[in-house]
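Peer 1: Counting from 1, position 16 in the sequence shown corresponds to residue 17 in my numbering; the numbering is continuous, with no gaps. Quick one: structure below, then a few questions.
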Amino acid sequence: MKLRTFWNKPASVEPPAVPSPQKLDPAWLEAPLTMLSWFLPGGAVVVGALGQFMLALVLLAIAFGVWLRLWRSRKKRRAVGRPTF
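Next comes the structure, spelled out in structure tokens:
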């Protein structure tokens, strides 16, 4: 037996069948996806919005700290002005 027979294709082998083309998605499935892509923000928009939200929280915490400090000092000044019994 010759070595050539192992890698030579016999004449009776048929070529592989061509796969059928894939069907396109129906329009009822594609329409909601298109609408979602229009209305949902992209990554940069989400990061920017979260950054602004975190900045607002930090500024609120600072404002609350300032208000608390002023309220305590006012309370202390009133207590000093009153005589203790």
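For each residue, glycine too, the CB sits at the ideal point set by N, CA and C.
For residue 76, name the three-state secondary structure that DSSP assigns.
Peer 2: Of the three classes helix, strand and coil, the one that applies to residue 76 here is helix, per DSSP.
Peer 1: Determine the direct distance from the alpha carbon of residue 76 to that of residue 53, and round the result to whole angstroms.
Peer 2: The straight-line gap from Cα to Cα measures roughly 34 Å.
Peer 1: Between the alpha carbons of residue 44 and residue 51, how many angstroms are there, rounded?
Peer 2: The alpha-carbon atoms of residue 44 and residue 51 are separated by roughly 11 Å.
Peer 1: Using only the alpha-carbon positions, how far apart do residue 63 and residue 34 sit?
Peer 2: Approximately 42 Å, taken between the alpha carbons.
Peer 1: Specify the secondary structure class of residue 33 as computed by DSSP and reduced to three states.
Peer 2: It is helical.
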